[in-house]
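Chains as they are written, first to last, in the numbering used here: chain X, 1297 to 1696; chain U, 1297 to 1696.
Right, dumping it as structure tokens:
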């Protein structure tokens, strides 16, 4: 199968491209490296040193004999995107090429507008390009479990049957996203659904949970294939950040009570889910939604698991409940369905002691690269302007 | 009350500004005149000759002694918008300043992207400006009944109580919008709802039906106050377009079977609904949705009513069922609630013979301004590129 991975240089995109390439697909990556420039903007770096894409791809060919083609450009540039689709003629487009951080989208107006325009227009361009140049191609789009928010009823996979005043219908599941970023994904979902209906596009919207881990079978083949691992307050996901905090014996920063419950998955399951979606495409005109996660945890449960893992490794790990910089329920009902990918064959890597140990170990090995200034939240949802860069370097800061 | 009308030079904004001014409010208009440039782009003109905004405002002062302040600029320019909010300090912002045509948004990729960016970013800017400069101000935002689509259950006003697996919650009503324009309004609704939650913004989302009519008590005070009246396939609303077709004895163009049922209202009710929303503001943090229409009709029912009105006036009016350029159900269940504005005091102007006669009469008086090339649909939802301007002038064209 010919698979184009948009955003293939990123945290999920890179291991996905390698995995798909290793499973005998013809893979191409398109990326603008915007994600790398955000590191410069935020003064942050991935914990694990990563190589430029050209080096990564050279190493991949050297180690496996497999070639991944790369296209450098921004999908907001429709001419670029059109040329890529025509040059590569993909059977599936896997679309990771979005701004994916909730705090980044909440920094201020410019970042909110950027996040929504970047994500919404990028996805509109992908839809138009598929319609115009590759109409039978399957769009595999990364959404987020955060589109649903935390309703007081079970979360279904994209649609819900509603009985009302003696009638019934199956309708899109109501969305209550919790940041300008999460909102952008809701906008995308509505746009994609519409294009499936009017143009017969085939699409799978993968509402992914919070991803943890960094290593896959492929990224561990060579040092030059190492994946990024973000631990900063803006791009670091909860569990990864806790592991880094444990490694340097920094208290784990639990926002508020920590009862916030979310779906989580191992990055090795991310890559497999993408493969399963590609292998089992939506039919023409179908807009299909899968909830892509394997287990639910509350943030406090995760912190306690990391604390235990840290103890096993001889680390002194505390837990600090700090004021929640987000506006969200700190205790709530949460029961989200996630059976469709399992039905297609997903065998999950559940969160284990050994995985936690290995994550903390990776963090310990890279301890000298940890910048403590990046751990505490500086983006408060209640402010419309968060001056992240105004504090002098080297000074520890509390939550705004 | 101090009321800022964004888009106050347009079809709904202009009569709203006059009405609110006449009822002793301090009114200001902000407008970029983008709507007037779209006329040039489309080669269309309002049937009724309208004056430049400066002339309109001068006439209003001459006739009533009342002053409406005007700010010329685009709300996509945040500096402009910030300055307006600080200079005028409104108690309410009435937000009409969006691209409001479904066919316009479906012309091609550029128009789709423009419609969504223009509407979403404009509204984001309004939300940020209120938060930063006028946090207690009430946002009265024009949405559309088209956000809901045509579900097989009753349409509620913004939210629906859902029982599911033994639990229940009141959740945002599921949205199934039918064009890139309607999608932009759904995106807005989600963005506004979120800002109410995180920043305590007070907002009313008015999901308006299809507006008909052109004359209000205020616009009829002087010839220079005349409101626009669009009949072209892109900006003309169904009933207005039928009246113009009747006046020139052009067959009424019903798309498909004509069973498409929608909510409709008289423009005199539009202006009153806005007033009612302003007089009864949402509380801080509240996101409130009213369905703003007074009667439901199918498109074919409307056409038949116009046909009868035409006969009364001695006109020979046929009805043509032409292929539906839109992708939509041509027959469907439709029952939308609309009690909240009535509870606040709306006494509707229901569609009457005399109103239909007067609309057809206006069209007959302006018969020489009708361009027949603008009547037939040239924007087909099934195409991603519609070359509207490619046909030679003066040649009658069929639907694509």
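Beta carbons are placed, not taken as given, at the ideal position from N, Cα and C, and that holds for glycine.
The beta-carbon separation of residue 1542(X) and residue 1605(X), rounded to 7 Å, stays under the 8 Å limit for a contact.
Scanning 1588(U), 1639(U), 1650(U) for the CA closest to the CA of residue 1601(U) turns up 1650(U). For the alpha helix (DSSP H) assignment, the uninterrupted runs of no fewer than 4 residues enclosed by the stretch 1462 to 1515 of chain U are, from N- to C-terminal side, 1476 to 1495. Boundaries of the alpha helix (DSSP H) around residue 1384(X): 1374 to 1384. Taking 8 Å as the cut-off, the Cβ atoms of residue 1514(U) and residue 1399(U) do not count as close. A contact is defined here as three or more CB-CB pairs under 8 Å, and the stretch 1551 to 1563 of chain U meets this definition with respect to the stretch 1581 to 1596 of chain U.
Apart from sequence neighbours up to five positions away, the residues of its chain that approach residue 1520(U) with a beta-carbon distance below 7 Å are 1347, 1351, 1352, 1355, ordered along the chain. Interface criterion met: the Cβ of residue 1412(X) is under 8 Å from a Cβ in chain U. Annotation for residue 1578(U): 1434, 1498, 1499, 1500, 1584 place their beta carbon closer than 7 Å to its own, counting only its chain and skipping 5 residues before and after. Looking at the backbone, the Cα of residue 1571(U) and that of residue 1537(X) are separated by about 51 Å. Interface annotation for the stretch 1413 to 1446 of chain U against chain X: 1413, 1416, 1417, 1420, 1421, 1424, 1427, 1428, criterion Cβ-Cβ distance under 8 Å. Using beta-carbon distances, residue 1680(X) counts as an interface residue toward chain U, with a partner under 8 Å. When beta bridges are read from the DSSP output, residue 1365(U) appears opposite 1324(U). At least 8 Å separates the beta-carbon of residue 1403(X) from that of residue 1366(X). The beta carbon of residue 1675(X) sits no closer than 8 Å to any beta carbon of chain U.
Ranked by Cα distance from residue 1444(U), the first of 1611(U), 1618(U), 1539(U), 1633(U) is 1633(U). At a cut-off of 8 Å between beta carbons, residue 1483(U) contacts chain X. Secondary-structure assignment with DSSP links residue 1522(U) through no beta bridge to anything.
Secondary structure note for residue 1336(X): its alpha helix (DSSP H) is the uninterrupted segment 1330 to 1338. By the Cβ rule, the stretch 1410 to 1427 of chain X counts as touching the stretch 1373 to 1380 of chain X, because three or more pairs are nearer than 8 Å. Interface annotation, residue 1456(U): in contact with chain X, CB-CB separation under 8 Å. Here residue 1329(X) has 1305 as same chain residues with Cβ atoms under 7 Å from its own Cβ, once five neighbours each way along the sequence are excluded.
Residue contact check for residue 1408(U) against chain X: a CB pair falls below 8 Å. In summary, residue 1393(X) is buried, with 16 or more beta-carbon neighbours lying within 10 Å of its beta-carbon over all protein chains present.
Looking only at 1323(U), 1636(U), 1410(U), 1416(U), the smallest Cα-Cα distance to residue 1387(U) is reached by 1323(U). Residue ranges of uninterrupted beta strand (DSSP E) with 3 or more members, entirely inside the stretch 1413 to 1468 of chain U and ordered along the chain, are 1434 to 1440, 1455 to 1460, 1463 to 1468. Taking C-beta separations shorter than 6 Å and ignoring five residues to either side along the sequence, the partners of residue 1318(X) in its chain run 1514, following chain order.
At a beta-carbon threshold of 9 Å, none of the residues of chain X lie near residue 1669(U); the nearest stands roughly 26 Å away.
With a 10 Å radius around the Cβ and a threshold of 16 neighbouring Cβ atoms, residue 1637(X) comes out buried.
Within chain X, the C-beta atoms nearer than 8 Å to that of residue 1374(U) come from 1405, in chain order. By the C-beta criterion, the stretch 1331 to 1345 of chain U is judged to be in contact with the stretch 1655 to 1669 of chain U, since at least 3 inter-stretch pairs fall below 8 Å. When the alpha-carbon of residue 1439(X) is set against those of 1473(X), 1552(X), 1459(X), the nearest one is in 1473(X).
Check the Cα spacing between residue 1297(X) and each of 1311(X), 1312(X), 1316(X): the tightest is with 1316(X). Residue 1642(X) has a beta carbon lying at 8 Å or more from every beta carbon in chain U. Nearest neighbour of residue 1455(X) by Cα position, chosen from 1381(X), 1427(X), 1489(X), turns out to be 1489(X). In this structure residue 1427(X) is buried. Its beta-carbon is surrounded by 16 or more other beta-carbon atoms within 10 angstroms.
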